[in-house]
Structure formats: structure tokens, C-alpha cells
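To start, the structure under review is shown below, and the notes come after it.
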Amino acid sequence: MGLTYQSTGRSTTREIFNVHNAGSELVIALAGNPNTGKSTVFNALTGLRQHTGNWPGKTVLRAEGSFIHGGRHYTLIDLPGTYSLHANSVEEEVARDFLCFAKPDATVVVVDGTCLERNLNLALQVMEITDNVIVCVNLIDEARRKNMHININKLSNALGVPVVPTAARGGEGLSELMAAISDVALGRVVPKPVLVRYSDAVEKAIAQVEPKVREIIGAHINTRWVALRLIDGDTKLVQAIQRYYNDQESKQAEAALEVLA
Amino acid sequence: MNSEAAVGNLLEEAKTIIGDQQAGIRDGIVKSIYDTSENITKDVVSYTSANRVDWDRKIDNIITSPVWGFPIMFGILAVIFWVTIAGANYPSEFLAAQFFWVQDRLTELFWALNAPDWLHGFLVLGVYSALAWVVSVMLPPMAIFFPLFTLLEDAGYLPRVAFNLDRFFKKAGAHGKQALTMSMGFGCNAAGVIACRIIESPRERLIATLTNNFVPCNGRFPTIIALASLFIAGSVSVTIASAIATLGVAVIVVFGIAVTLFVSWLLSRTLLKGEPSSFTLELPPYRKPQVGQVLVRSVIDRTIFVLSRALVIAAPAGGLIWIMANNTVGDTTILAAAANWLHPFAGLMGLDGYILMAFILGFPANEIVFPILIMSYVSGGTMVQMESLADLRHLLIDQHGWTWLTGLSTVIFALCHWPCGTTLFTIQREQKNWRWTLLAAILPAGIGIIICITITALARALNLV
Amino acid sequence: MNNSTPLNRLGNGCCALVTELNAEGLTRRRLLDLGLVPGTKVEVIRRSPLGDPIAFNIRGAIIAFRKEEAEKVLVVQVS
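Protein chains in written order, with our numbering: chain A, 57 to 317; chain B, 846 to 1310; chain C, 5 to 83.
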């Protein structure tokens, strides 16, 4: 049951997010703060192979594109630019729900190299939801111009995920980024994100809540993260879990009925 | 399995576990994440030399300064208009000459083939010449203005405009990012309406949506520019003419901004009462725009946009005008009858029946309003070849008795009338409430009508016309 | 923390450390997510030509608030 449930479950949730041809392709999410050149990265990777629309039921612009690397087809979903994933706005909610429920095969977090501290805040939050993260340090040319030096290897070690420096405007680092995406999406590289250590009180509470989370919703979503959100009193996430799992169950029921008929 | 209820219960359970520490828990979580980011950043980033000129700050010192902030803003706007006006003249005349040369050849062809008069009239004088008008009058200014504006956007200037102007919007009970949605409106009001999504509070988003039409879009600019060139600058030399026309257009735009602020203020004190929501605006670093790419992309984009709209909307409208001008009810043509019927009301507004009819027929797309007007005038009998501003001047002023008041009223009504079909459709799609969509149409039209009637009554009372 | 002042009282060019957020609910969560957690250094960069909003350097990004938000952030000035 495990694997088939995983895969069918995943493609039905992706359908809810309007991801096309979800079953046969690799789905990559693109996250990042506003003004990090995220859309430049998106355009540079997908070229003219993109189309835009709305996120289902939301008036939030949604861009989807695709690229081919090593003979495989990748669908790239541009998430709204946000500072955080705490669902304080529709955009944050959309981005979080996609990462959490559509489970992209890899997620690229585009960070502004000149403003790393602010941008890593989002990267760390993404890494709490999914392991398959690549950090793309964009605007590396501007950082150089500001006499900043970023030790990419050290950053990669500190985060536990692949880090690729790019200057998307000039096309620098894009082939390395594609390679890193395919490595992670195809499982050739397995990131081991370094997680944020919270205060003792929070960590203790997580330890108490997490097993119960696992018991009820299984391992479909990162249980440590769900536990953390529950401790934070995140009612929106609870509603989202109920909504998506309802949708998914009803879709599966429909599919089962069709098979029977 | 009843997982939904169970997840809900977990939330309660988590609450009891964390107990009375709940209040500070979010602060602690966010702090831990930021502290981690801070520590990692300290570890991996080093500076080779610390003292470096911060150009962004130096540029902002000027661009947002109390003394220079506003003059620079209007200066940049004026330069863009000036480049558009001065630059559009030549290609416009060139395109018109080419199109009408082709039109003559087409006419000869139809004659040679012994085609019936009505077919030649409908296809060549109606459909083709509408296409020709839209492309030659509207395309050049749009293909110049749009890329220039995109460059400004690309460089990171627009958030500074919002920063400079926010105080006005706050006073009007609106959101500071409304300035950004208005900037988008210069390109296209439908795009401006979509841009209103960046305003999260529903009340302030509605205010921005309902007032976006007071910013003249790309499809209305050429009309305003043509009339400004015709009336304000008609009698002076060419170089001064474009400078004066620029000033005229800038005044109209500033007037539009003033109306926007006034209507926003009015709405937030009547239909859309409420407190201003929180406002945060990032001022991103300036970036050197990708000039080549922007120019190529947006010129091609505009050209395709104008050509496709010309085909889909202007061509049928041209056919319709020709039919209306060449079929009679009683002893007048349908066109003249419709214009006559509208004339008494249009007259009150300082317009004539044909002008008001052009605005009505131009509902699908604003860029066909002026071409429709010219066509209805021309098909009224006197066939003239129109290749320059002087011909246009002759048509409007000498043959159809336009005064400065007609010009002014037309420009004001071009600025304040119902949004085009695409924009209204977009408003409906975004707001999903036909009452707001209706208001979005009635509000600017009503304001335009009131202003035009007032000005006309005043001008006539004071014997200025 | 009795020498805390609201952020909007500081002049351009001043630096300060955040001590407390005097806001609840969504506003508080948003301010936190922008990086305004206690102990964060904030620099007052500039005021809009009409005095409001005010732009701050918060963790490397220039972010502007209106007076209403800025006065909810309590800080102590540092040199």
C-alpha cells in the first residue's frame, strides 16, 4: 500500500493545485523572498515554455513552466514571493500549502546573496517542511560588487542542502542549478537539512506532540513541522490538512468508483 | 478513520501541553529561526573591504528628498510623455502614408475586378481603414511609451513613487500600494485591476480597483496626445509644439491622479468606510534594467497586442461604421440618425453626437474611440486623405466646428468615462460581484459627465466660446 | 525597558535595538516575520518627502512603514 498510496495520493493532491501531467513529470517548486530575482530565475530556466493563471480558488497569480534536462521533463511552479511561510497572507498560505500538500520532487529556494540573513529565514522554514531543498544564492554578481564573499561550501554544510550560486540575469550558474535540481529530484543527492533548534520549552513540547501527529496523519507531511505549527496554535494549517485530505479521499473514492463501474 | 476531527483535537492537546507559555511562543519561534539565519550568515559571509559607496542610498537621497522627490517624479513622467509625443509623430505619419497608399491600390483592384460598390465600401472603406487608423494612430505611441515605462519598473523606481506618494493615499483612506496599481494602469487598466491583488485589505483593494480607470491607459494616451497636440500646440512651431503638448498631457495625468485621490477619499468615507490596514513596502535595490531585452520584448509585445486587437475589435467596428454610414432610415443615414439622437445630451457636455457615439462604440477597446470618430466624420460625406496632423486639424476644426471646449471635453471624457470591456470583465472576475463592476462603470462615467457639463455651462455662461 | 521609545520617534540615521512589539494578532505576526524580533538592530534610513512613511534597514532590506505601524515597535537607541 505504501508506495502506491504515496504516488496516487500525491498526484491527486497535485491536481487540486492544477499541476498539469503530474504523474509523468518531475515537479519542482520555486520559493523565495520578493525582490530576489526569483522570476528572473524562473524565466531563465523555462524560457518561453510557461503559462500563467490563478491558484485554484485564490486571486494569486500562478506561473508554471517547464524545462528539459538530461532527457527528462521538469515542471517548474513559481510560488508567490514571501518573507515567511507562517500563512499571514494569502500568498504565504498558497506557498505553504503547495510545499506541504503537493509535495514537489524538489524545491528551489532563491535567496538574495546580498541579503542572506533575511532570506535564509525563508529557506530554513522551507527546509522544515521538505527535505528536498536546493538553495540558489542569486544576485551573486551584485554581492561581488559589494565586496561580499559568500563561502558556498560552508553555507551548504551549515544548511545540509546543495547550494548553487547564480547571477540569473547574466545566465551565470543556471546549468549548475539545473544539474542540482535533477540530482535532488531523481534522488542522486539526498539533502539532510539542518533544522532550527528551538528553545527547550518548544523542543520539549514538539517531542510530546510529534508522536501523536505521526499516529494520526502518518508520514505524509513532516511531523516535526506539523507539531511545531500545532504548538504555535496554527488553526489555518489544521483547516488545510482537513481540506486537502478530504479532497483527496473524495477523489480517491471517485477514482475507485470509476474503476468499479 | 476520522482523521479530520483528530487533527483538530491535536491542536487542543498542543495547547494544553504548552500551557501558559502560549503567548510568547510565536515570538520565540520566529526569533529562533532568525537567530539561526544570523549565525549562519555571520559564518559564511565575509567582506574584503568594508567601506564602499552605497549608491542606492545616494540615489534615494535625491529621489525621495523633500525638495527633489516630487519634481523628479513629474520630470520623469514628463520626459516619458515628451519622448512618446515627439517620437510617435514621424512613424505615425509614415504608417498612415503606407496604409493609405495600400488602400488606394486596394480600391483600384476592386474597380478592376468590377466588384460591387457595397463590397468595396464595407471591406476597404470600413474594415481596412479602421485597421489602418488604429495601427497608424495608436501603435507608435504605445510602442514607445510602454517600453519606457517597463524600463522604469525594471530599474526599481516604482516603489519609490509609492513611498513618496503614500501620505496622500493615507489621507484618502487608501493603501500606499495603490500608487503601484495606478502605475500598472498606465500600461493597461485591466492589468492595473489585476495588480490590485497586491493590496490585501478587501476594502482598500476595492478602492484601488474602482478608481484605476482614472489613470489613462495606453489605449487612451494616443487620443489625449493627438488632441493636446492639435489644440494646445496647433499654432506654434513643431519643436515647441511637442513640448507644449507634453505639458498638456502631464496636466491631464495629474488631474487624473487628483480625481483618483478625491474619489478614493469619497469612497472611504461613504460606501467603503474603514480604518487603513497595515502598510509595509520594501524599497528594493536599484537594478540596471536589461535595456535591450526590455525594448525588444515590450515593443514586440505591444505590436502584437495592438495588431491583434485591431483585427478582433477595430476591423468589425469599422465594418459596422461603414454600414451605419451607408444605410438610411427615413432620409438620413443610421450613423447620422444615431449621432443626431445623442447630440442634445452630448451638446450639454461640450461634445457632439458623433464624439459621444464613438465613446459608446469604443466600449470594447479604448484605442478604437478616436479612429471610429475620424471614420464617422469622414464617411459622413467629405472624403479626405488623412496623413498628417494638419489634415486632422482641418477635419475637426474647419469641417466639424470643434472649439477648444470640444477638445477639452473630449480629453476629459477620455480620462473619465466607463472602463473598456476588458477592464470591466477583469473587475468582475476579480471581485465576483456585479454591483461593484457596475459601480466601476457608473462612477467614472458619472464624474466625467458632471465635469464636462459644468465646464461647458461655465464656458458658455462666461461667453468663452 | 522603561527607556524604550517608539521607532517613529527616532531621527534619520539613528540605530536602535528592538525591545518589544506593542501589537497583537496579525500585525504582530507580520512585524515578527519581517525580522523585528527583540534584539534586532534597526536603522532609520529616511522619511518620505511628506514625513510619513519612514524607511528602515531591517536585516539588510529597506522596508517602509507608516507611523501607525512604526509606533508599535519599541526600541532602545544605540550609537
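Just so it is clear, CB atoms sit at the ideal spot from N, CA and C, and this is done for glycine as well.
Alpha-carbon spacing of residue i relative to residue j, whole angstroms
{"i": "arginine 1147 of chain B", "j": "alanine 931 of chain B", "result": "19 Å"}
{"i": "alanine 179 of chain A", "j": "glycine 88 of chain A", "result": "8 Å"}
{"i": "glycine 226 of chain A", "j": "methionine 1027 of chain B", "result": "31 Å"}
{"i": "isoleucine 58 of chain C", "j": "leucine 14 of chain C", "result": "10 Å"}
{"i": "valine 22 of chain C", "j": "arginine 33 of chain C", "result": "15 Å"}
{"i": "valine 116 of chain A", "j": "valine 97 of chain A", "result": "19 Å"}
{"i": "proline 1189 of chain B", "j": "glutamate 28 of chain C", "result": "59 Å"}
{"i": "asparagine 1185 of chain B", "j": "phenylalanine 1204 of chain B", "result": "15 Å"}
{"i": "glycine 79 of chain A", "j": "aspartate 161 of chain A", "result": "Caution applies to glycine 79 of chain A, whose pLDDT of 49 falls short of 50 and renders its modelled position unreliable; the value that the coordinates give is listed next. The straight-line gap from Cα to Cα measures roughly 12 Å."}
{"i": "isoleucine 1200 of chain B", "j": "valine 1151 of chain B", "result": "22 Å"}
{"i": "alanine 65 of chain C", "j": "asparagine 175 of chain A", "result": "10 Å"}
{"i": "phenylalanine 154 of chain A", "j": "serine 83 of chain C", "result": "44 Å"}
{"i": "valine 118 of chain A", "j": "glutamate 149 of chain A", "result": "It is arginine, not valine, that sits at residue 118 of chain A in the sequence shown. When rounded, the distance between both Cα atoms is 13 Å."}
{"i": "valine 1310 of chain B", "j": "histidine 107 of chain A", "result": "54 Å"}
{"i": "glutamate 266 of chain A", "j": "valine 282 of chain A", "result": "8 Å"}
{"i": "leucine 1196 of chain B", "j": "leucine 1092 of chain B", "result": "23 Å"}
{"i": "leucine 993 of chain B", "j": "alanine 1000 of chain B", "result": "11 Å"}
{"i": "phenylalanine 807 of chain B", "j": "alanine 1304 of chain B", "result": "Beyond the ends of chain B as shown, which are 846 and 1310, falls residue 807 of chain B; an answer cannot be given."}
{"i": "threonine 222 of chain A", "j": "serine 891 of chain B", "result": "18 Å"}
{"i": "arginine 152 of chain A", "j": "glycine 137 of chain A", "result": "11 Å"}
{"i": "glutamate 232 of chain A", "j": "valine 189 of chain A", "result": "15 Å"}
Local conformation of residue i per DSSP, three classes
{"i": "isoleucine 1044 of chain B", "result": "coil"}
{"i": "aspartate 37 of chain C", "result": "helix"}
{"i": "threonine 9 of chain C", "result": "strand"}
{"i": "threonine 115 of chain A", "result": "coil"}
{"i": "tyrosine 254 of chain A", "result": "coil"}
{"i": "leucine 1117 of chain B", "result": "coil"}
{"i": "arginine 70 of chain C", "result": "coil"}
{"i": "valine 972 of chain B", "result": "helix"}
{"i": "aspartate 168 of chain A", "result": "strand"}
{"i": "threonine 952 of chain B", "result": "helix"}
{"i": "histidine 1239 of chain B", "result": "helix"}
{"i": "isoleucine 62 of chain C", "result": "strand"}
{"i": "methionine 1169 of chain B", "result": "helix"}
{"i": "proline 221 of chain A", "result": "strand"}
{"i": "alanine 143 of chain A", "result": "coil"}
{"i": "isoleucine 1077 of chain B", "result": "coil"}
{"i": "isoleucine 277 of chain A", "result": "coil"}
{"i": "arginine 244 of chain A", "result": "coil"}
{"i": "valine 80 of chain C", "result": "strand"}
{"i": "phenylalanine 1059 of chain B", "result": "helix"}
{"i": "aspartate 872 of chain B", "result": "helix"}
{"i": "valine 182 of chain A", "result": "helix"}
{"i": "leucine 1309 of chain B", "result": "coil"}
{"i": "serine 63 of chain A", "result": "Reliability fails at serine 63 of chain A, whose pLDDT of 42 lies under 50, so the model's placement of it is uncertain and the value that follows must be treated cautiously. Serine 63 of chain A falls in the helix class under three-state DSSP."}
Per-residue burial, residue i [other beta carbons within 10 Å of its own, 16 or more giving buried]
{"i": "alanine 1235 of chain B", "result": "exposed"}
{"i": "methionine 1228 of chain B", "result": "Caution is warranted here: a pLDDT of 44 is assigned to methionine 1228 of chain B, below 50, making its placement in the model unreliable, and the coordinate value is therefore given only provisionally. Burial call: exposed."}
{"i": "glutamate 883 of chain B", "result": "buried"}
{"i": "arginine 1142 of chain B", "result": "exposed"}
{"i": "proline 53 of chain C", "result": "buried"}
{"i": "leucine 835 of chain B", "result": "Since the first residue shown for chain B is 846 and the last is 1310, residue 835 of chain B is missing from the structure and cannot be characterised."}
{"i": "tryptophan 956 of chain B", "result": "exposed"}
(request) Decide if the stretch 1048-1068 of chain B is in contact with the stretch 1262-1282 of chain B; the criterion is three or more beta carbon pairs, one per stretch, under 8 Å apart. (result) yes
(request) Would you be able to state if there are at least three C-beta pairs under 8 Å between the stretch 1158-1172 of chain B and the stretch 965-977 of chain B? (result) yes
(request) Report the residue ranges of all beta strand (DSSP E) runs contained in full by the stretch 1088-1163 of chain B; include only those spanning at least 3 residues, in chain order. (result) 1125-1127
(message) Taking contact to mean 3 or more Cβ pairs, one atom from each stretch, closer than 8 Å, check whether the stretch 205-219 of chain A and the stretch 127-142 of chain A are in contact.
(response) no
(message) Assess contact between the stretch 1254-1267 of chain B and the stretch 1059-1071 of chain B, defined as three or more Cβ pairs (one per stretch) separated by less than 8 Å. Is contact present?
(response) yes
(message) Could you tell me which whole alpha helix (DSSP H) segments of length 4 or greater appear in the stretch 882-944 of chain B?
(response) 900-908
(message) For the pair the stretch 1172-1182 of chain B and the stretch 927-947 of chain B, tell me if three or more CB-CB distances fall below 8 Å.
(response) no
(request) May I ask you to verify whether the stretch 43-50 of chain C touches the stretch 1289-1305 of chain B, counting CB pairs closer than 8 Å and requiring at least 3? (result) no
(message) Which runs of the alpha helix (DSSP H) at least 4 residues long sit entirely within the stretch 980-1014 of chain B? Give them in chain order.
(response) 984-1000
(message) Pairs of beta-carbons, one from the stretch 870-889 of chain B and one from the stretch 248-265 of chain A, closer than 8 Å: are there three or more?
(response) yes
(message) Under 8 Å, with one C-beta from each stretch per pair, do the stretch 195-210 of chain A and the stretch 269-282 of chain A reach the 3-pair mark?
(response) no
(request) Indicate whether the contact test is met: 3 or more Cβ pairs, each with one atom in the stretch 896-907 of chain B and one in the stretch 1129-1139 of chain B, closer than 8 Å. (result) yes
(message) Runs of 3 residues minimum, wholly inside the stretch 189-215 of chain A: which ones carry the beta strand (DSSP E) assignment?
(response) 189-194, 204-206
(request) Would you be able to state if there are at least three C-beta pairs under 8 Å between the stretch 1216-1226 of chain B and the stretch 969-981 of chain B? (result) yes
(message) I'd like the ranges of any alpha helix (DSSP H) spanning at least 4 consecutive residues and lying wholly in the stretch 1256-1284 of chain B.
(response) 1266-1276
(request) Taking 8 Å as the threshold, find out whether the stretch 909-919 of chain B comes into contact with the stretch 288-295 of chain A through three or more Cβ pairs. (result) no
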